[in-house]
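If you want this note's numbering, it's the position in the sequence shown, counting the first as 1, plus 288.
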Amino acid sequence: MAAWEELRLTLARLLEDRPGAVTSYPDLGGGDGGTPPYPIGLAPWAEAVAGELHGRFGDQVDLTVGALPYPPGRAPRAPRRPRPAGEPAALLDPAAAGAELDGPAVVRSGHTLRHGLLIRNRAGTELAIATNGQVTAVVMDPGTDEVVGGYSGFQTLPLILFRVPPGGTERIPLLIGTASFAGRLGYAVPPGSWGIQATLQLIPDPDIRDRVPRRTPVLPLTVTP
């Protein structure tokens, strides 16, 4: 109980002094916080904050920085869900639709960028894209096509359709996160030139609700210090 009370006060201070550093934590409103270790999520850029919490509370806290457990090398209490088995979604057919960024994508390492994806319908029928209000990109090594990072937070899952008429263009909100998925890179995708790719859930025929996943081309991303 004493450890929880000290942790609760520490988290309350961090929420005020370091906005955005702590992304998930037990309810601070009352009670005893449950049974330790207390799960705490931190932004990918907040490794120093994780170090402070670990140094102060040790095994009393279960820390995750971005998508990876802290300290480095610790086995995650809840391992990342593996990617679905089988072949990845096919690439978007450029004869049917095009995808490009709504301007250059530049983001600080460890931070999140809300951008835009322009979808051009080159087919003769309306194209509908099923989303939760946005599409989420993964960060890729453009030399190897390895997925090395992306967005690590929670998202709501409403069904929001974006409709693109024949010959038309629609801007879809694009979420770009820079949490590292590869331990060798650290907790955040480091500065440099990277690629991003999103999987679109297409509904080619408005009378048919089957979704057809298609990957966009790899688009450029600049990560800054």
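Cβ atoms here follow ideal geometry from the backbone N, Cα and C, with glycine treated the same way.
- Using 10 angstroms around the beta-carbon of G471, count the other beta-carbons present and answer buried if the total reaches 16, otherwise exposed. The residue labelled residue 471 in the question sits at position 183 within the sequence shown. Result: exposed.
- Message: What does the Cβ neighbour count give for V349, buried or exposed, with the cut at 16 atoms within 10 Å?
- Response: The sequence position of residue 349 within the sequence shown is 61, counting from 1. V349 comes out buried.
- Query: Does the Cβ of I448 have 16 or more other Cβ atoms within 10 Å, making it buried, or fewer, making it exposed?
  - Reply: On the sequence shown, residue 448 is found 160 positions in, with the first residue counted as 1. By the neighbour-count rule (16 or more Cβ atoms within 10 Å), I448 is not buried but exposed.
- Cα-Cα separation, L509 to E293: Position 221 of the sequence shown, counted from the start, is the residue given in the question as residue 509. Position 5 of the sequence shown, counted from the start, is the residue given in the question as residue 293. Within the model, the alpha-carbon separation for L509 versus E293 is close to 42 Å.
- Query: Leaving out the 5 sequence neighbours to the left and right, which residues in its chain are closer than 6 Å to E388 when beta-carbon positions are compared?
  - Reply: Within the sequence shown, numbered from 1, the residue matching residue 388 stands at position 100. Non-local beta-carbon contacts of E388 in its own chain, meaning distances under 6 Å to residues more than five positions away in sequence, involve L406 in chain order.
- R301 versus T466 - alpha carbon distance: As a working note, residue 301 is residue 13 in the sequence shown. As a working note, residue 466 is residue 178 in the sequence shown. For R301 and T466, the distance between alpha carbons rounds to 26 Å.
- Would you list, in sequence order, the uninterrupted beta strand (DSSP E) runs of no fewer than 3 residues that lie entirely inside the stretch 443 to 488? Runs of the beta strand (DSSP E) lying entirely within the stretch 443 to 488 and spanning at least 3 residues, in chain order: 448 to 452, 457 to 465.
- Query: Among L463, A336, L330, G322, which residue has its Cα nearest to the Cα of H403?
  - Reply: Along the sequence shown, one-based indexing puts residue 403 at 115. Of the candidates L463, A336, L330, G322, the residue whose Cα lies closest to the Cα of H403 is L463.
- Message: Given a cut-off of 8 Å on the beta-carbon distance, is the pair Q485 and V506 in contact?
- Response: Stepping through the sequence shown from its first residue, residue 485 is reached at position 197. Stepping through the sequence shown from its first residue, residue 506 is reached at position 218. Yes, Cβ-Cβ distance for Q485 and V506 is below 8 Å.
- Query: Per DSSP, E388 forms a beta bridge with which residues?
  - Reply: Numbered from 1 along the sequence shown, position 100 holds the residue referred to as residue 388. BP columns for E388 point to L406.
- Whole-angstrom distance between R306 and G456, CA atom to CA atom: Position 168 of the sequence shown holds residue 456. Position 18 of the sequence shown holds residue 306. Cα to Cα, the separation comes out at about 44 Å.
- Measure the CB-CB distance between T512 and L488 and report whether it falls below 8 Å. If you number the sequence shown from 1, residue 512 lands on position 224. If you number the sequence shown from 1, residue 488 lands on position 200. Taking 8 Å as the cut-off, the Cβ atoms of T512 and L488 do not count as close.
- Unbroken alpha helix (DSSP H) run spanning A518, endpoints: With the chain covering only 289 through 513, there is no way to say anything about residue 518.
- Task: Run the CB neighbour count on L445, radius 10 Å, all protein chains shown included, and call it buried at 16 or more, exposed below.
- Result: Taking the first residue of the sequence shown as 1, we reach residue 445 at position 157. Result: exposed.
- Run the CB neighbour count on Q514, radius 10 Å, all protein chains shown included, and call it buried at 16 or more, exposed below. Coverage of the chain is limited to positions 289 through 513, which leaves residue 514 absent and any answer about it impossible.
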